[in-house]
Structures are given as C-alpha cells and as structure tokens.
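Working notes, beginning with the structure itself.
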Amino acid sequence: MRLAIFADIHANRQAFAACLEAARARGAERWIFLGDYVGYGADPEWTVDTVMELVGQGALAVRGNHDNAVRTPSETMNAEAQAAIEWTRGRLSTLERNFLAALPLTHQADDRLYVHSEASQPGKWHYVRSTADAGRSLIATDAHITFCGHIHRPALYSMSVTGKMTQFTPVSSVAVQLLPGRRWLAVLGSVGQPRDGDPAAAFAMFDTDSRELTYCRIPYDIDAAAKRIRENGLPPLLADRLFVGR
Amino acid sequence: MAKFVVRPGAMIDGFTLGECVHRGGMATLWSVSRDDIAAPVLMKIPRVSEGEDPAAIVSFEMEQMILPKLGGVHVPRCYAAGDFARQAYVVIERIPGKTLYARLDELPLPYEEARVIALKIADALCDLHRQNVIHHDIKPSSILFRPSGEAVLIDFGLSHHNQLPDLLQEEFRVPYGTAPYMAPERLLGVRDDPRSDLFSLGVLLYFFTTGVRPFGESETMAGMRRRLWRDPYPPRRLRKDYPPWLQEIVLRCLEIDPAWRYPTASQLAFELAHPDQIRLTARSERLTRDPLTTVWRRRFNGNLVQPRRPSAVAAQLASSPIVAVAIDVTEGSNELNDALRTTVERILKTSPSARLACLNVLKLGRVTIDRTLDEEGNNRHVGRLVTLKHWAAPLRLDESRLTVHVLEAVDPAGAILEFTEANHVDHIVIGARQNSFARSLLGSTSAKVASEAVCTVTVVRPPRQATSSGAREVPPDDDRSMPAI
Numbered sequence: 081m082r083l084a085i086f087a088d089i090h091a092n093r094q095a096f097a098a099c100l101e102a103a104r105a106r107g108a109e110r111w112i113f114l115g116d117y118v119g120y121g122a123d124p125e126w127t128v129d130t131v132m133e134l135v136g137q138g139a140l141a142v143r144g145n146h147d148n149a150v151r152t153p154s155e156t157m158n159a160e161a162q163a164a165i166e167w168t169r170g171r172l173s174t175l176e177r178n179f180l181a182a183l184p185l186t187h188q189a190d191d192r193l194y195v196h197s198e199a200s201q202p203g204k205w206h207y208v209r210s211t212a213d214a215g216r217s218l219i220a221t222d223a224h225i226t227f228c229g230h231i232h233r234p235a236l237y238s239m240s241v242t243g244k245m246t247q248f249t250p251v252s253s254v255a256v257q258l259l260p261g262r263r264w265l266a267v268l269g270s271v272g273q274p275r276d277g278d279p280a281a282a283f284a285m286f287d288t289d290s291r292e293l294t295y296c297r298i299p300y301d302i303d304a305a306a307k308r309i310r311e312n313g314l315p316p317l318l319a320d321r322l323f324v325g326r
Numbered sequence: 224m225a226k227f228v229v230r231p232g233a234m235i236d237g238f239t240l241g242e243c244v245h246r247g248g249m250a251t252l253w254s255v256s257r258d259d260i261a262a263p264v265l266m267k268i269p270r271v272s273e274g275e276d277p278a279a280i281v282s283f284e285m286e287q288m289i290l291p292k293l294g295g296v297h298v299p300r301c302y303a304a305g306d307f308a309r310q311a312y313v314v315i316e317r318i319p320g321k322t323l324y325a326r327l328d329e330l331p332l333p334y335e336e337a338r339v340i341a342l343k344i345a346d347a348l349c350d351l352h353r354q355n356v357i358h359h360d361i362k363p364s365s366i367l368f369r370p371s372g373e374a375v376l377i378d379f380g381l382s383h384h385n386q387l388p389d390l391l392q393e394e395f396r397v398p399y400g401t402a403p404y405m406a407p408e409r410l411l412g413v414r415d416d417p418r419s420d421l422f423s424l425g426v427l428l429y430f431f432t433t434g435v436r437p438f439g440e441s442e443t444m445a446g447m448r449r450r451l452w453r454d455p456y457p458p459r460r461l462r463k464d465y466p467p468w469l470q471e472i473v474l475r476c477l478e479i480d481p482a483w484r485y486p487t488a489s490q491l492a493f494e495l496a497h498p499d500q501i502r503l504t505a506r507s508e509r510l511t512r513d514p515l516t517t518v519w520r521r522r523f524n525g526n527l528v529q530p531r532r533p534s535a536v537a538a539q540l541a542s543s544p545i546v547a548v549a550i551d552v553t554e555g556s557n558e559l560n561d562a563l564r565t566t567v568e569r570i571l572k573t574s575p576s577a578r579l580a581c582l583n584v585l586k587l588g589r590v591t592i593d594r595t596l597d598e599e600g601n602n603r604h605v606g607r608l609v610t611l612k613h614w615a616a617p618l619r620l621d622e623s624r625l626t627v628h629v630l631e632a633v634d635p636a637g638a639i640l641e642f643t644e645a646n647h648v649d650h651i652v653i654g655a656r657q658n659s660f661a662r663s664l665l666g667s668t669s670a671k672v673a674s675e676a677v678c679t680v681t682v683v684r685p686p687r688q689a690t691s692s693g694a695r696e697v698p699p700d701d702d703r704s705m706p707a708i
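Taken in sequence, the protein lines are chains A and B. So in the numbering used here, the last spot in the first sequence is 326, and the numbers never skip. So in the numbering used here, the last spot in the second sequence is 708, and the numbers never skip.
What follows is the structure, encoded as structure tokens:
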C-alpha cells in the first residue's frame, strides 16, 4: 500500500493542495498527517476541514505543538508564532478546535510509528537535530520506522543492530529502501513552511510492500499563499520566508 | 519464522541452491536456479553468525541497497534480494570467467595489454560514477570481463551511493577496504570523492605493469597512512623501458591530492584510449620520488587534513565534461568556424576542468580506392591535424586539455556518433550551414548527430546576414571533406 505522509502544513492552503494533488498522481492509497495543521499560514479553516474530511475516510492524524497551542497557549513559542496562533484561535469553529484537541500525540500502525516531534517524549516537542536526538527517539519505540516532522528540514536516520547511527539528507524523488535489518527515523520536511533552503512544498511517499521511501518536493503558488498572510494582517515575516524556504 | 538451511538442493524463496562456488571472508556464493530465469545466476549470502565481523552485515546491507539501483553492462544484473529477517541474500547475474586476480602470476603484463585492461576498467568506472556510485574497492578480484569484452565490477559492499544513506559512514573508526589499493583520502574518512576509484585503478595499473605494488602490502594503519605524504617509486625506476606516457597516466592517478588526479574516469579513459596524444609532463620521465622537503611539508602541514565540503558526485562530473567540436576545413567555412570557436570558448570558460576534442572527418569514397596522399603527394591526414590545431590555437588551451582527431569514414555523422560513444563525450558542438546545395542532396550531418547522439548537442550557425537576392552557393561536396551542413 502506498502511503502519502504530510507534516507541518501550517495552514498553507496552496502548498497543501499542490501536495495532495501530487500524492494522488503518485497513487496515494492512504493519508498520514504528522501534525501542525495550523499556525503561520492564513487558511486554517480549509486546512483543518480537509484533514478532518480525510480522517473521516480513514486517514491517520496526530497532534502537533501548534495544534496543541490553539487550546493550551504555549509560553515557548516565538512572537510571530504566538501572533499566528492568537489569530487562528479566533478563526476556528468549536468543531475544528475540538478535532485538533482530540488528536493523539502518537499513532502506531503495523511496524510504523507516527509522531509530530519525536518518540521519547512526544508531548515535550523536542527537535531531532542530530544522530543523538534520533537515537533517543529510536530507543524509545519498538517500531521499525518512525515518521516525524516538527523541524521543517528533511532527514533520514538509521540505527544498526549494534546501535550505530547514520544520518542522511534525502535527495528528492530518489526512492530509498528502508532495509528491515535496521531501524529508521524519517524526518519529513514541511508542506507549508519549508526551512531547508528549498521553498518547494515537501511531503513523502512510502510503499509498505517494497519498503521504499521517497521524499518529494512540489513547487506551488507561493505568491498566493504570501498574499493571504499579508491580507489577513499576520506578521509579514511569515510571508517573506516562504519565498526563500528559511 | 524459521531460518533457511543453506546447503545444496535447498530452496530459498523459489531459488534452488546448486553448488557453493566461492567462500569469502564476508559472504559465500552459490549457483542457484529459478524456472523463470534463463541466465546463470548466483546467490550471495553474507556470513552473519555470532562472532562474525559486524562489517559483514553492514556491507551486505549497502550491497542490497545499491545493486538493485544499478544498470548497464558494467555491473551484474540484480534479480532478487532477501532480508535479514529470514535469510539475507542477493541474486545476481553470473559473469563467466575468472576475475583479474587470476592473472597475478603473469605480472608484469605487456604494456599494451595492461593499457587495454585499464581502459576497460576506466570505462566501467565512468558508467558507475554516472550512476552516482563510487565503488571504493577496485582491485583485481572485483573485476571480471564479459565475453564481449566489457569490464564488469562486482562487490559493492563498501560502495558509496551519493543519493542513498551511507551506512558505512559512521559504522567503523578505521576505513574499510583493501589496504594496498586504498586512496589516501579514504584514510581521512572521505567517502564521497569519485577520484578515490581512479587512485585504486592507478595502483592496479602500476602493479600490473611492474609486478610491484606501489604502496606495498602493509595492512597496519601506520603503514597505510604513509601514502598520505610518501609517493611511490616511479615505474621507470623499476623498468627501464617503461613508456613515459604510461608513467604519466599511472603517476597522475596516484597523486596524493585528488585535485591533481584526472578529474573524472571518462577523462582518464580518454587518455588511455589515445596514448599517442597524452601531453607528457615532468612526471613522465621521473626516476626518483619527491624530495624529502616535499614529503615533510605534506606530513607536517597536513594539506589533506583540512576540512572539505562534501562533494556531490554528479556536480563534480558535470564540471569536468569532455567536449567534442566538429570542424569543417573546406574553403568558405571560416565564418562558421569562428562561430564554433566562440561557442566552445564559452563552454570551456564555465567548466575549467573540461577537455576538448577537435574532430574532423576525412570522408572516404564508397567505391573508389582511397589514397592517403593527395595529388601533390601530401599526406591529407596530417594536413587535417595541422588545420585542427590551427583552429584551436586561439583558445589558448593547455595541451593536456586538448586533443585533435581526424576520423576516416564514409558517413561523417556516423563517425562523430561513434567517437562520442567510445570516448564518453558529454557535449558535441557542431556547425550547420544553411541553404547548402550539399545538404539538400545528402541530408544534414548536424541534424543526424543532434537527433541520434547520446549526449547534449549544440548546433552552431554563423551570424545572420542581410539576405541577398539568392542563397549563397556552396560548392557541391565532392572534395571529400566533412559536410558541416
């Protein structure tokens, strides 16, 4: 079965729509959402409604820190993120807010674990920045593959049977077979707010039969997404950074 | 899940095991068969029992990742792979014959035979590097030959794929590989430089032509590290009759700093294919090693130890293309040739490691018996070479980057295409003349080259001029020159 996996959509309707279309074209049969549906972008209603609809059809979704902050304000977020969440809170309906609040922090299906930040303390929202962080997450789960997002920079870590770690920056469109002899942590790039220097929207496809993971980058209408952010009075920085992917 | 028993007659995932054909330190090889595969195939099974080297597992994982991604005649075809959960294996095409290891008793080989072997290996490396893979274990026992002649590289357990995770990167504190053939930068942990394979090929060529390994057989880290500052004895010191062009090639491959080696396997293959055109430097005649002052500077200044940026294999290959330009030498083609030179100049400016091959086709008649001498008794072939060099002179290219070739052929386009394939040309620049009588009669050479070439083709036309009443007349193409049309 072909899974389409999305992380950090951040209310960017244009990017999310482009990725959904690209995933359908690649034969996606099941949708996985790794959290942070809102914050930063100007279309939280459409984004949350789309995710809700797909979850109703069998998609899996977990909760991210921005989704969490809609109900439980976070003191650690920066000023722009705070402002975006304040704005988002006023836009979402009770139904949408309840949906986000009810999402689980992790979801395990077969030998795969889905989590927004990492597996050792999912509610603490730690970033996976190094092989040490990745190792901590991998030790905390017995899943063969962990999929996460949160840091907005794609990376692929593995741990051998002897506990040795490898780190790799994935090349888009090149399938990597996640060999069963070791355990893997796949960190996805962001759909709606990429920060690895490539402004194209990021998602990934995973084939559960061949165990091949393919990172994908999709160009989208950044002008339209940025215009929506400015029109709605959100911090202009959130629009500007979309163009450079930083 | 029960593990399979590995013995003759056993079945593993539909494959019937035959005899065990090889027992190596890391893996065993079995001849196997399956009804739907007609070709002879081998199953490679890693040694992974308790107490075995963990390197065996990791290198087998690398091979499982890389082999299914590879294609072409220079690698064995991969049919199936099984994972460690039940029985790890890969099933690959069985290449008949023995590896080059079987020839070790015959060393040193005749120079010409060694050149041809090295050329075939360089061709194979060129194809492998283009697929983003660095072999990292080039040595006689990883090289076989197809009955049709092409070299086939085997054993990808230590290889690096530039677009896949490198499982060996952090696995071992010591570099893994075959000590006598290992490039110096490997000892510093560098695994992403394709020129490491050129070093190993240099070791092989040195060994096959002198019978001596340039860096000995030391397996100790200290013994291996010496190659970071100590260069080998020049082959001419060991064999008086060693050809200077061959020493030039061997010592350039064995340069300690990768930047001083050939930039790509295809450029090395080009030199091996045209030994008569190699520009000889001081390297070619040397009889002694570098002076001690140089050695000390290398050893204590640590030139190579400086941190370096990771290199993308594809980007490195792209910066060192082989460009071929087809030049017409008939009267009245000056304008076109100037335009060709301008285009070539631009290409060379953007790729400082590019090399240029200037081609001209001496057209042979289909029926007439050709004489190499013209009416005045001048050798036409030599005349063309002189003209090509004259054309290239304003480019002021270092001789090591420039070669000239006169191809004799009935079909000019076919000759250019053949040269392109055989020499790994990355970019053809060819002129097109408009409104030509010959083109309407014979069809266009440039059009055929552009449509059939395996690489990028730039078709150059002379600058536009105000059209006069009639098209310019070009003499019919009966003068046996290449119609650059």
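Yeah, the Cβ is synthetic: ideal placement off N, Cα and C, and Gly gets one too. Computed from a predicted structure; not experimentally measured.
Find out if the Cβ-Cβ distance for the pair residue 299 of chain B, residue 315 of chain B is shorter than 8 Å. Result yes, Cβ atoms of residue 299 of chain B and residue 315 of chain B sit closer than 8 Å.
Would a C-beta distance cut-off of 8 Å place residue 469 of chain B and residue 433 of chain B closer than the cut-off? no
Boundaries (first-last residue) of the alpha helix (DSSP H) holding residue 253 of chain B: From DSSP, residue 253 of chain B is part of no alpha helix (DSSP H) but of the beta strand (DSSP E) over 250-257.
Which of the three DSSP states is assigned to residue 238 of chain A in this structure? It is a strand residue.
Have a look at the DSSP bridge pairing and note the partners of residue 264 of chain B. B:255, B:316
So what's residue 85 of chain A in DSSP terms, helix, strand or just coil? strand
Leaving aside the five residues before and after residue 374 of chain B along the sequence, list all residues of the same chain whose C-beta is less than 7 Å from its C-beta, in chain order. 297, 343, 344, 346, 347, 366, 368
Give a yes or no on whether the minimum CB-CB distance between residue 697 of chain B and chain A is below 8 Å. Per-residue confidence for residue 697 of chain B stands at a pLDDT of 47, beneath the threshold of 50, marking its modelled position as unreliable; the derived number appears in the next sentence. For residue 697 of chain B, the answer is no, since every Cβ of chain A falls outside 8 Å of its Cβ.
Any residues in the region 253-277 of chain A with a beta carbon nearer than 8 Å to a beta carbon of chain B? Which ones, in chain order? 254, 256, 257, 259, 260, 261, 262
Closest by CA to residue 189 of chain A, which one among A:324, A:117, A:142, A:130? A:142
On the DSSP bridge list, what partners appear for residue 585 of chain B? According to DSSP, residue 585 of chain B bridges with B:631.
State yes or no: is the beta carbon of residue 268 of chain B nearer than 8 Å to at least one beta carbon in chain A? Not flagged as an interface residue toward chain A: residue 268 of chain B, since no C-beta distance is shorter than 8 Å.
What separation, rounded to the nearest whole angstrom, lies between the Cα atoms of residue 130 of chain A and residue 123 of chain A? Rounded to the nearest angstrom, the two C-alpha atoms are 11 Å apart.
Are residue 196 of chain A and residue 232 of chain A touching if we call contact CB-CB under 8 Å? no
Mapping the DSSP letters down to three states, classify residue 707 of chain B as helix, strand or coil. A caution first: residue 707 of chain B carries a pLDDT of 44, below 50, which makes its placement in the model unreliable, though a value can still be read off. Coil, per DSSP.
Three or more C-beta pairs below 8 Å linking the region 462-481 of chain B and the region 501-510 of chain B: yes
Any beta carbon from chain A within less than 8 Å of residue 286 of chain B's own beta carbon? So, not an interface residue.
Tell me the DSSP secondary structure of residue 452 of chain B in three-state form. coil
Is the beta carbon of residue 628 of chain B closer than 8 Å to that of residue 544 of chain B? no
Chain B contact for residue 86 of chain A (CB, 8 Å cutoff): no
Could you compute how far the alpha carbon of residue 749 of chain B sits from the alpha carbon of residue 408 of chain B? Not covered by the structure: residue 749 of chain B. The range shown for chain B is 224 to 708.
Selected residue, minimal CA-CA separation from residue 145 of chain A, among A:210, A:215, A:186, A:300: A:186
Does any residue of chain A bring its CB to less than 8 Å from the CB of residue 224 of chain B? A caution first: residue 224 of chain B carries a pLDDT of 48, below 50, which makes its placement in the model unreliable, though a value can still be read off. Chain A, which has no Cβ nearer than 8 Å to the Cβ of residue 224 of chain B, makes this no.
Using 8 Å as the limit for Cβ to Cβ distance, is residue 310 of chain B near chain A? no
Closest by CA to residue 496 of chain B, which one among B:644, B:679, B:242? B:644
Short CB-CB distance (under 8 Å) between residue 280 of chain B and chain A: yes
Three-state secondary structure (DSSP) at residue 646 of chain B? coil
Residue 307 of chain A (DSSP reduced to helix, strand or coil): helix
Does the region 112-121 of chain A touch the region 81-96 of chain A, meaning 3 or more C-beta pairs lie closer than 8 Å? yes
So residue 611 of chain B and residue 550 of chain B are supposed to be a Cβ contact under 8 Å. How far apart are they, rounded? 6 Å
In chain B, what lies closer than 7 Å to residue 236 of chain A by C-beta? 388
At a CB-CB cut-off below 8 Å, which residues of chain A make contact with residue 306 of chain B? Listed along chain A, the residues sitting closer than 8 Å to residue 306 of chain B by beta-carbon distance are 259, 260, 261.
Anything in chain B within Cβ reach of residue 251 of chain A, meaning under 7 Å, just list it in chain order. 386
Residues of its chain near residue 547 of chain B, where Cβ-Cβ distance is below 6 Å and the 5 sequence neighbours each way are ignored: 580, 582, 648, 651
Below 8 Å between beta carbons: does that hold for residue 256 of chain B and residue 232 of chain B? no
Rank B:440, B:250, B:391 by C-alpha distance to the C-alpha of residue 402 of chain B and give the top, closest one. Of the listed residues, the one whose Cα sits closest to residue 402 of chain B is B:440.
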